Structures are given as structure tokens and as C-alpha cells.
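Okay, so here's the structure we're looking at.
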Amino acid sequence: MFIGAGGAARALSYFIAEDVAQIIFLNIRKERSKLLAKELNEKTGVKTFADGISNKNLKKFCSTSDVLINASPIGMYPKIEETPVPKEFLHKNLFVFDIIYNPLKTKLLKNAEDIGCKTSGGL
6 MFIGAGGAAR
16 ALSYFIAEDV
26 AQIIFLNIRK
36 ERSKLLAKEL
46 NEKTGVKTFA
56 DGISNKNLKK
66 FCSTSDVLIN
76 ASPIGMYPKI
86 EETPVPKEFL
96 HKNLFVFDII
106 YNPLKTKLLK
116 NAEDIGCKTS
126 GGL
């Protein structure tokens with residue numbers, strides 16, 4: 006599952022497309038996530054789903070995902086107290102990757118580590 010649908014999400018989703026069953030995109034601008042999902046599906050054949058970011062969607066898709074990739078600027082300096090996903094929506098079997106490199110450990114990564122998730126940062 007990707008948070009964000011910009012250039013970083015595009016590059017990473019193409020990279021992993023052949024190794025996953027489905028890719029979900031949630032983005033502030035729902036139309037942008039739908040365009041990326043459609044493009045990726047047409048070019049790679051991977052099953053995709055796209056929608057806007059909402060607590061309902063975050064809760065639903067976090068609970069059924071194995072991997073969460075934050076490809077958005079949410080949580081980047083200077084807004085380091087922000088997180089794209091509330092801690093209570095994470096689960097210990099989720100691998101959380103945050104492309105943000107400043108700070109090295111975002112609030113999302115700290116929350117994920119607190120509940121036992123495997124994590125990786127942007128560097």
C-alpha cells in the first residue's frame with residue numbers, strides 16, 4: 006500500500022509490480038492515485054486499487070496489507086510531528102518503509118517500531 010501517488014510512488018510501484026499480488030494507492034488527490042493505478046495496471050498487469058486518503062481507507066487497507074510505503078511528504082521536516090497513518094491502524098506484521106530522509110526516523114517509523122513492525126527509512 007502506498008501513501009502518495011507522485012514520482013516516488015510511480016518509480017517504486019513499477020519496481021515492485023511483478024513481485025506483488027496487488028498495489029493500493031491512497032492519495033490526497035484521489036484522481037491522481039486513480040490515474041497512477043490505471044497506468045500501472047495497463048503497463049504491468051498488476052492488480053491495482055486507488056482512492057483518496059481517509060481514516061476509513063487507512064484503517065481498512067492497513068489491516069489487510071503486508072507493506073506500507075509512505076511516498077508522500079507527510080512527516081518531513083519541519084512538520085516532523087505529522088504522520089500519514091495513525092498508530093492504531095498499524096499492525097506488527099506490517100513492513101513500513103518511509104521514503105523521507107529528514108528526519109531519518111519519522112513519527113511513522115517510530116510508531117511502527119513501537120508496535121513491533123519491521124521498518125526502513127529513506128536513506
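Everything in the sequence shown is counted per my numbering, starting at 6 for the first residue and increasing by one. We put the beta carbon where it would ideally sit given N, CA and C, even for glycine. Owing to the predicted nature of the structure, the values given are computational and were not obtained by experimental measurement.
Distance between residue j and residue i (C-alpha atoms, nearest Å)
i, j, result
"L95", "N62", "13 Å"
"S85", "A55", "In the sequence on display, residue 85 carries Ile and not Ser. Cα to Cα, I85 sits roughly 26 Å from A55."
"F30", "P78", "15 Å"
"E44", "D71", "23 Å"
"F102", "R15", "15 Å"
"K35", "D24", "25 Å"
"A26", "K48", "15 Å"
"N134", "K115", "With the chain represented from 6 up to 128, any question about residue 134 goes unanswered, as that position is not in the structure."
Chain-order list of residues whose beta-carbon lies under 6 Å from that of residue i (same chain, five-residue window excluded)
i, result
"G80", "E87, T88, I105, T111, K112 and L113"
"I58", "L31 and I33"
Buried or exposed by the 16-neighbour rule on C-beta atoms within 10 Å, applied to residue i
i, result
"I120", "exposed"
"F20", "exposed"
"G50", "exposed"
"L73", "buried"
Neighbourhood of residue i by C-beta distance below 7 Å, restricted to the same chain and skipping five residues each side
i, result
"E118", "T124"
"N107", "M81 and Y82"
CB contact check: residue i to chain B, cutoff 8 Å
i, result
"S68", "In the structure shown, chain B does not exist; there is a single protein chain."
Delimiting residues of the alpha helix (DSSP H) encompassing residue i
i, result
"A40", "Looking at the sequence provided, one finds Leu at residue 40 rather than Ala. Element bounds for L40: K35 to T49."
"F68", "As written in the sequence, residue 68 is Ser, which differs from the Phe given in the question. Start and end: N60 to T69."
Residue range of the beta strand (DSSP E) that includes residue i
i, result
"D119", "Taken as a continuous stretch (DSSP letters only), D119 belongs to no beta strand (DSSP E), being part of the alpha helix (DSSP H) at K112 to D119."
Distance cut-off 7 Å: residue i Cβ against heavy atoms of the ligand MG
i, result
"I105", "Here there are no bound small molecules, and the ligand MG is not part of this structure."
Cβ shell of residue i (< 8 Å), same chain only, five flanking positions each side left out
i, result
"C67", "M6, L73, V90, F94, L95, H96 and L99"
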